[in-house]
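S.K.: Quick one: the structure is below, and I'll ask about it shortly.
Protein chains: 2
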Amino acid sequence: MMTIDGKQVAEKVLAECAEEIKALAAAGVTPGLAVVLVGEDPASQVYVSSKVKKCGEMGLHSRKIVLAADATQEELMAVVRELNADPAIHGILVQSPPPPHIDEDAVVRAIDPRKDVDGFHPENVAKLVLEDPSGFVPCTPAGCMRLIAESGISTVGAEAVVVGRSMIVGKPMAHLLVAKGSDATVTIAHSRTRDLAAVCRRADILIAAVGRPEMITADFVKDGAVVIDVGINRVKDESRKSGYRLTGDVAFEEVAPKCRAITPVPGGVGPMTIALLMSNTIKAAKLANG
Amino acid sequence: MMTIDGKQVAEKVLAECAEEIKALAAAGVTPGLAVVLVGEDPASQVYVSSKVKKCGEMGLHSRKIVLAADATQEELMAVVRELNADPAIHGILVQSPPPPHIDEDAVVRAIDPRKDVDGFHPENVAKLVLEDPSGFVPCTPAGCMRLIAESGISTVGAEAVVVGRSMIVGKPMAHLLVAKGSDATVTIAHSRTRDLAAVCRRADILIAAVGRPEMITADFVKDGAVVIDVGINRVKDESRKSGYRLTGDVAFEEVAPKCRAITPVPGGVGPMTIALLMSNTIKAAKLANG
């Protein structure tokens, strides 16, 4: 059994990014990322800060724009339009979720698709489905693909099961796995799936993206499977000073011994997401500079 | 075992269309479809003629535009632009495949997405993935969904296996089956799938869209499955005057006795495709008229 060290793989991705940043700098280009936050949700603040910090470490230009929790849709749209027009900004990310009075879909559609480093704009969604490599792939599923590659398993002809059908992880993950070149046989399972354990047990590669703590137990996993745990759930833990701990969708302790390879939580998919965000921002800077 | 009569179900869809056409006529609107053909491929000519003829039968306005086989990309694009601007035309279809010197993707992208009754424009591809009902669903998978509904089987929690990962059938089919409300557990299998027969045998609902005559034999099918055969293949048959016969991707004679329901070829999915094209054209006319 191998635990896939997401931090270490993320470092590899960031080292590749550093090479590209060097090449772009030689051409006089500094990739720039704008991160927009509406309101003061503490978790969102942490995410936004870590993204901006990573830009700094990598030598990327970044802008952090914080709007009040009661900012209007039009105020937010105006910010997006300004960033679309800013030549120093190549990637734009509006931290999700915004406050409930904001129409998030409309905001995503307002982002210039060539700056949509989250990969949520309809134009990039279509490119993913159409297997057009000029689009942006959402960071989390792109990170999962890299982790699978690092596990040493070939996806070609493998049985992959994706649990969860969200637009952010489940569906793009399924597309990446079934695309030409990846060539996995892909099953999308979800809350309405009958006998989910039996469906998951078919998997050579199992992707858990359900958001339910430790739901995937040992009886869901075939011996020798590769398990990628996308879940990040807070569960109460009185023994911790914070009063909680982070756990994935997979019951790691009992599942890990059965696996060929498995990602831990934290330290698995999480670090990859931010590394892929850097990578997408560099791609956007290259696109903008032909 | 029940043979699903595609012609009969198509008549039902067309009867629903007739009601909508009547309502639109009362509001002074006649839905209009333009079909563009480049070159003189005999099969394409047959398809185009049958679409135009169906429009006539239904009381829809139609235009048939035939360009020479050596028409340039720009000539074709100019036709599309003119049709985009024509208020009497609500649906535009460029018959596939165009001659090899034509960039088909560029043509599809040039069609106004609100007139893209084939559902191939990236904006409609994204809407399908995002489960946005305002988009156009490609006619063949939409027709398959209706046939499944008519078979009496519920898709909720059912195991569906789609064989084929094309943009025209396989992928949209998978999305329709996994979408909220359909709620099937969906597997996409393809040419690189290991032990395709075993994967197919899991299916409560099996969709064959591979384009290989009678490839799906009895050992691919679970007892009591619903089988939808999207294939239309010409195979040599010296006993026929034409020298060939049409056959599906499913070996009907040996598979049918195992099925709860199965579509024949011809007379299954085929008639549905044109009925759904009428339905999409009506939807486009409604969209254009608020």
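The listed protein sequences derive, respectively, from chains A and B.
Following this note's numbering, the numbering of the first sequence begins with 447 at its first residue and continues without gaps.
Following this note's numbering, the numbering of the second sequence begins with 447 at its first residue and continues without gaps.
Ideal Cβ positions, reconstructed from N, Cα and C, are used throughout, including at glycine.
These numbers were taken from a predicted model, which means no experiment stands behind them.
1. Could you pull the start and end residues of the alpha helix (DSSP H) that residue 653 of chain B belongs to?
2. Counting only Cβ pairs nearer than 9 Å, list the residues of chain B close to residue 613 of chain A.
3. Grouping DSSP H, G and I as helix and E and B as strand, with all else coil, what is residue 537 of chain A?
4. For residue 604 of chain A, which residues of its own chain have a beta-carbon under 6 Å away from its beta-carbon, when the five flanking residues on both sides are left out?
5. What does residue 632 of chain B reach in chain A if we use C-beta pairs closer than 8 Å?
6. In the structure shown, what three-state DSSP assignment does residue 455 of chain A receive?
7. Residue 629 of chain A touches chain B at which residues, Cβ-Cβ below 8 Å?
8. Residue 621 of chain B and residue 574 of chain B - do their beta-carbons sit closer together than 7 Å?
9. Got a sec? Which residues, its chain only, sit under 6 Å from residue 597 of chain B by beta carbon, not counting five neighbours each side?
10. What did DSSP end up calling residue 547 of chain A once you bin it into helix, strand or coil?
11. Please give the ranges of any alpha helix (DSSP H) in the region 673 to 733 of chain A, keeping only runs that are unbroken, at least 4 residues long and fully inside the region.
12. Residue ranges of each alpha helix (DSSP H) run of no fewer than 4 residues wholly in the region 605 to 629 of chain A, ordered along the chain?
13. Would you mind telling me which residues of chain B sit closer than 9 Å to residue 569 of chain A, beta carbon to beta carbon, in chain order?
14. Just to confirm the assignment, what range does the beta strand (DSSP E) spanning residue 483 of chain A have?
15. How about residue 668 of chain B and residue 647 of chain B: do their beta carbons lie closer than 7 Å?
16. Along the beta strand (DSSP E) that carries residue 509 of chain A, what are the first and last residues, could you check?
17. Which term fits residue 602 of chain B, buried or exposed, when burial requires 16 or more other beta carbons within 10 angstroms of its beta carbon?
18. Can you pull out the residues from the region 589 to 612 of chain B whose beta carbon lies closer than 7 Å to at least one beta carbon of chain A?
19. Would you decide whether residue 608 of chain A is buried or exposed? Buried here means 16 or more other CB atoms lie within 10 Å of its CB.
20. Could you tell me the alpha carbon to alpha carbon distance between residue 558 of chain A and residue 588 of chain B, rounded to whole angstroms?
21. Could you list which residues in chain A have their beta carbon closer than 9 Å to that of residue 729 of chain B, in chain order?
22. With H, G and I counted as helix, E and B as strand and the rest as coil, what does DSSP make of residue 632 of chain B?
23. What are the residues of the region 643 to 660 of chain A that lie near chain B, defined by any Cβ-Cβ distance shorter than 8 Å?
24. In three-state DSSP terms, what is residue 523 of chain B?
25. Taking 7 Å as the threshold (beta carbon to beta carbon), is residue 624 of chain B in contact with chain A?
26. Mind reading off the beta-carbon distance from residue 746 of chain B to residue 571 of chain A? Whole number of angstroms is fine, and I expect it under 8 Å.
27. In chain A, what lies closer than 7 Å to residue 617 of chain B by C-beta?
28. Can you look up residue 594 of chain B in the DSSP assignment and give me helix, strand or coil?
29. Measuring only the C-alpha atoms, how far is residue 705 of chain A from residue 735 of chain B?
30. Confirm, please, whether the CB-CB distance from residue 534 of chain B to residue 485 of chain B is below 7 Å.
31. Pull up the distance between the alpha-carbon of residue 634 of chain B and that of residue 624 of chain A, whole angstroms please.
32. Please name the residue or residues paired with residue 662 of chain A in a DSSP beta bridge.
33. Tell me the DSSP bridge mates of residue 518 of chain A?
34. What is the DSSP secondary structure of residue 586 of chain B, reduced to helix, strand or coil?
35. According to DSSP, simplified to helix, strand and coil, what is residue 447 of chain B?
M.R.: According to the structure shown:
1. Counting along the chain, residue 653 of chain B falls outside any alpha helix (DSSP H), though it belongs to the beta strand (DSSP E) covering 651 to 654.
2. Here the neighbours are 575, 576 and 577.
3. Three-state result, residue 537 of chain A: strand.
4. For residue 604 of chain A, where only same-chain residues beyond five positions count, the Cβ hits under 6 Å are 630, 650 and 651.
5. Chain order gives the chain A residues near residue 632 of chain B as 633 and 634, where near means a beta carbon separation below 8 Å.
6. DSSP places residue 455 of chain A in helix when its eight states are reduced to three.
7. Here the neighbours are 636 and 638.
8. Contact flag set, yes.
9. Excluding sequence neighbours, residue 597 of chain B sits near 450, 672 and 707.
10. It is coil, neither helix nor strand.
11. The region 673 to 733 of chain A contains these whole alpha helix (DSSP H) runs: 698 to 701.
12. The alpha helix (DSSP H) runs lying completely inside the region 605 to 629 of chain A and spanning 4 residues or more are 616 to 624, given in chain order.
13. For residue 569 of chain A, the chain B residues whose Cβ falls inside 9 Å of its Cβ are 568, 569 and 572, in order along the chain.
14. Per DSSP, the continuous beta strand (DSSP E) segment holding residue 483 of chain A begins and ends at 478 to 484.
15. Judged by beta-carbon spacing, residue 647 of chain B lies within the 7 Å limit of residue 668 of chain B, meaning their Cβ atoms are closer than that value.
16. Per DSSP, residue 509 of chain A belongs to the beta strand (DSSP E) from 507 to 513.
17. By the 10 Å Cβ count, residue 602 of chain B comes out exposed.
18. Against chain A - using a Cβ distance shorter than 7 Å - the residues of the region 589 to 612 of chain B are 602, 603 and 611.
19. The residue in question, residue 608 of chain A, is buried, as its Cβ has 16 or more Cβ neighbours within 10 Å.
20. Their backbone Cα atoms lie some 31 Å apart in a straight line.
21. Close partners of residue 729 of chain B in chain A (Cβ separation under 9 Å) are lacking, with about 19 Å as the shortest Cβ gap.
22. DSSP places residue 632 of chain B within a strand segment (E or B) once states are collapsed to three.
23. Within the region 643 to 660 of chain A, contact with chain B at the beta-carbon level (separation under 8 Å) is assigned to 645.
24. In the three-state DSSP reduction, residue 523 of chain B falls in the helix class (H, G or I).
25. Put simply, the CB of residue 624 of chain B is near chain A, with a gap under 7 Å to one of its CB atoms.
26. The structure shown has nothing for residue 746 of chain B, since chain B only spans 447 to 736.
27. Contact note: residue 617 of chain B reaches chain A through 575, using a C-beta cutoff of 7 Å and chain order.
28. Under the three-state reduction of DSSP output, residue 594 of chain B falls in the helix class.
29. The alpha-carbon atoms of residue 705 of chain A and residue 735 of chain B are separated by roughly 57 Å.
30. Contact: no.
31. Each residue's Cα considered, the two are about 7 Å apart.
32. Under DSSP, the beta-bridge partners assigned to residue 662 of chain A are A/696.
33. Answer is none; residue 518 of chain A lacks a bridge partner.
34. The answer is helix: DSSP assigns residue 586 of chain B an H, G or I state.
35. Under the three-state reduction of DSSP, residue 447 of chain B is assigned to coil, being neither helix nor strand.
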